[in-house]
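Participant: Under the numbering used here, the letters of the sequence shown match residues 86 to 292, in that order. Just so you know, even glycine gets a beta-carbon here, dropped at the ideal spot from N, CA and C. Keep in mind that this is a model prediction, so the values were computed, not measured.
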Amino acid sequence: MTPSATSPETNPRNNQRLDRAIVVPRVIGDHRDFLIVSGLAGAAKDVHALEEGADNAYLLGGAMGAAVPMGLGLALAQPDRHVLVVTGDGELLMNVGALATVMVAGVSRFSILCVDNERYGETGNQITHTAMGVDLAMVARGFGIRHTMAASAEDEFDAAKALLRRTDGPVFVHLKISDTPPPKPSSRSFDAVERKLMFRKALLGHV
86 MTPSATSPET
96 NPRNNQRLDR
106 AIVVPRVIGD
116 HRDFLIVSGL
126 AGAAKDVHAL
136 EEGADNAYLL
146 GGAMGAAVPM
156 GLGLALAQPD
166 RHVLVVTGDG
176 ELLMNVGALA
186 TVMVAGVSRF
196 SILCVDNERY
206 GETGNQITHT
216 AMGVDLAMVA
226 RGFGIRHTMA
236 ASAEDEFDAA
246 KALLRRTDGP
256 VFVHLKISDT
266 PPPKPSSRSF
276 DAVERKLMFR
286 KALLGHV
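(1) Touching or not, the stretch 109-117 and the stretch 134-145, by the rule of three or more beta carbon pairs under 8 Å?
(2) Helix, strand or coil for arginine 226? Go by DSSP, reduced to three states.
(3) How close, in whole Å, do the beta carbons of glycine 175 and threonine 213 come, if the pair is a contact with beta carbons under 8 Å?
(4) Please go through the stretch 126-211 and give each complete alpha helix (DSSP H) segment of 4 or more residues, from N-terminal end onward.
(5) Tell me which residue opens and which closes the alpha helix (DSSP H) that phenylalanine 242 is part of.
(6) Looking at phenylalanine 195: is its Cβ nearer than 7 Å to the Cβ of alanine 225?
(7) Which value, in whole angstroms, describes the spacing of the CA atoms of alanine 238 and proline 255?
(8) Beta-carbon separation of aspartate 104 and threonine 265 under 7 Å?
(9) Sorted by chain position, which residues of the same chain lie with C-beta nearer than 6 Å to phenylalanine 32's C-beta, five sequence neighbours on each side aside?
(10) Taking the Cβ atom as the reference point for each residue, do alanine 245 and alanine 236 lie within a distance shorter than 7 Å?
(11) Who are the near neighbours of glycine 290 in its chain, counting only those whose CB is closer than 8 Å to its CB and skipping five residues on each side?
(12) Please classify threonine 87 as buried or exposed, where buried requires at least 16 other C-beta atoms within 10 Å of its C-beta.
(13) Using CA atoms only, rank isn't needed, just tell me which of Leu178, Arg204, Gln211, Leu161 is closest to alanine 190.
(14) My assumption, with CB atoms under 8 Å, is that alanine 183 sits in contact with proline 154. Please give the rounded CB distance.
(15) In whole angstroms, what separates the C-alpha of valine 187 from that of glycine 158?
(16) Is valine 278 buried or exposed, if buried means 16 or more other CB atoms sit within 10 Å of its CB?
(17) Indicate the three-state DSSP secondary structure (helix, strand or coil) for lysine 286 in the structure shown.
Here is the structure:
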């Protein structure tokens, strides 16, 4: 039986009931389809849970707001590879103007998955602006990113998964989830040099 993507626990401020531990892997699908740059905090834990130590994923441990620009740079340098940025609402809000740069850069194999729990999970679970009505899908669309969708129900997962794989991007998928904790990594290297070299070797075949 496929586990339900809805969580029985939810904060009254957040009316979403999608459990990120189930939803994020289902929307991403085969992570080997992408080069992945993840934001810090929950997003990094989401990606790490797909496959511990995956060499096609670079997980940020700091530099809040840097995931989208780093992913964009990678997409510009590797136009034949599909780059996926997995980021949270708090991090994206830190540098939301990067979406404008994504649009004008004209990268086609570049997708952004924003996992929105309406919280700053690393600093005490304070609410973000999305808890008060800010619509990041609308923001992305306003910046000119045409391939944009919001997903907040199980019957939208397949469409979101397919959209992430479009090759006429850029693409923005706004995934609304509950504020339940992200997966707990059993082990994760925070050695930035080690992770860089592993990612570089997977990308280029050498360090």
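Facilitator: Result, derived from the coordinates:
(1) Segments in contact, yes.
(2) helix
(3) 5 Å
(4) 127-135, 152-162, 174-179, 183-190
(5) 242-249
(6) no
(7) 23 Å
(8) Result yes, Cβ atoms of aspartate 104 and threonine 265 sit closer than 7 Å.
(9) Outside the shown range of the chain (86 to 292) lies residue 32, about which nothing can therefore be said.
(10) yes
(11) Apart from sequence neighbours up to five positions away, no residue of its chain approaches glycine 290 with a beta-carbon distance below 8 Å.
(12) Its pLDDT being 47, under 50, threonine 87 is placed unreliably by the model, and the measurement read from it follows with that caveat. By the neighbour-count rule (16 or more Cβ atoms within 10 Å), threonine 87 is not buried but exposed.
(13) Leu161
(14) Sure, about 5 Å apart at Cβ, within 8 Å.
(15) 10 Å
(16) exposed
(17) helix
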